[in-house]
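Written out below as structure tokens is the structure these notes cover.
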Amino acid sequence: MIQFINVSKEYQNGTVGLKNIDLKIEEGEFVYLVGASGAGKSTFTKLLIREILPTQGNILVNGKSITRLKSRAIPQYRRNIGFIFQNYRLLSDRTAAENIAFAIEVLGVGKREVERKVDYALHLVGLTDRKNHFPDEMSGGEQQRVAIARAIVNNPKIIIADEPTGNLDPQTASGIMDILNDINIKGATIIMATHDSNIVNRSSHRVIELSHGQLVRDDRQGGYYLGYR
Ligand code: ADP
Numbered sequence: 303m304i305q306f307i308n309v310s311k312e313y314q315n316g317t318v319g320l321k322n323i324d325l326k327i328e329e330g331e332f333v334y335l336v337g338a339s340g341a342g343k344s345t346f347t348k349l350l351i352r353e354i355l356p357t358q359g360n361i362l363v364n365g366k367s368i369t370r371l372k373s374r375a376i377p378q379y380r381r382n383i384g385f386i387f388q389n390y391r392l393l394s395d396r397t398a399a400e401n402i403a404f405a406i407e408v409l410g411v412g413k414r415e416v417e418r419k420v421d422y423a424l425h426l427v428g429l430t431d432r433k434n435h436f437p438d439e440m441s442g443g444e445q446q447r448v449a450i451a452r453a454i455v456n457n458p459k460i461i462i463a464d465e466p467t468g469n470l471d472p473q474t475a476s477g478i479m480d481i482l483n484d485i486n487i488k489g490a491t492i493i494m495a496t497h498d499s500n501i502v503n504r505s506s507h508r509v510i511e512l513s514h515g516q517l518v519r520d521d522r523q524g525g526y527y528l529g530y531r
């Protein structure tokens, strides 16, 4: 479970990133994080991955305060989180399989086990036949599927996706959403920042809306209001 307790983040120049956020996200939930540019979505995700610290309040993940984590415990904490970005962020000189393997090789996983996990992750995103392709030999949708495979290869409990469909056409985006929904059904908690009202409206996932750093909506029925309040 993720819990924000009266969390505020004021940047050094005085800009308010988030203000008095109180919310709980249960294990296995799928949550859309919406709001205009500058609303605080990245601040929210950066706090959650412990890239930045709040200036007020506390953040608990599975009952433990991540704001009090020692620096040396941060890599271990992040291993339980998968990241997916708008621009894929694959290594261009590595194949699909190598990009995915890299995420677990650094953890000291044995060669055979790496191969097994990579093959399974590629299978889950439907890309077994692109295993040995380099990023520039794949479409945007395929690259994003590789990025998803990389995010899930270590079987993280929490997935954070930042505009994962932002660069994709609607049909490809819909395929990416099918994969994310599958991963969610298998048990992962998914927090996805998005501007895509079509995607938000097509599902019944919870919607958290930020505006000027404040929580202005937390709707478990889902749906995206056109235009921000
Ligand atoms: P979003 O991801 O919804 O676009 P952000 O979380 O990036 O919003 O930004 C929230 C607010 O915090 C904005 O006003 C932004 O300009 C400000 N902000 C973000 N990062 C910094 C930073 N490192 N220093 C100062 N202000 C920042």
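Its first residue numbered 303, the sequence shown is counted upward by one per residue in the numbering used here. From the three backbone atoms N, C-alpha and C, an ideal C-beta is built for every residue, glycine too.
Length of the line joining the Cα atoms of Leu335 and Lys366
Whole-angstrom Cα-Cα distance: 23 angstroms.
Gly340 to Arg414, Cα distance in whole Å?
Annotation: Gly340 to Arg414 spans about 45 angstroms, alpha carbon to alpha carbon.
Best match in Lys488, Ile351, Phe385 and Gln388 for proximity to Arg370 [C-alpha to C-alpha]
The shortest Cα separation from Arg370 among Lys488, Ile351, Phe385 and Gln388 belongs to Ile351.
N- and C-terminal bounds of the alpha helix (DSSP H) containing Arg418:
For Arg418, the uninterrupted alpha helix (DSSP H) run begins and ends at Lys413 to Leu426, by DSSP.
Roughly how many angstroms lie between the CA atoms of Tyr530 and Leu512, to the nearest whole one?
Bear in mind that the predicted position of Tyr530 carries a pLDDT of just 41, short of 50, making it unreliable; the figure below should be weighed with that in mind. Taking the straight line from one Cα to the other gives about 9 angstroms.
For the ligand ADP, I want to know if Ala338 counts as a neighbour, meaning its beta carbon is within less than 8 angstroms of at least one of the ligand's heavy atoms.
Yes, the ligand ADP has a heavy atom inside 8 angstroms of this Cβ.
Given the structure, does Thr357 come close to the ligand ADP, in the sense that its CB is under 8 angstroms from one of the ligand's heavy atoms?
No, Cβ of Thr357 sits at least 8 angstroms from all heavy atoms of the ligand ADP.
For Gly515, verify whether its CB is less than 8 angstroms away from any heavy atom of the ligand ADP.
Gly515 has its CB nearer than 8 angstroms to a heavy atom of the ligand ADP.
Per-residue burial, Gln446 [other beta carbons within 10 Å of its own, 16 or more giving buried]:
Label assigned to Gln446: buried.
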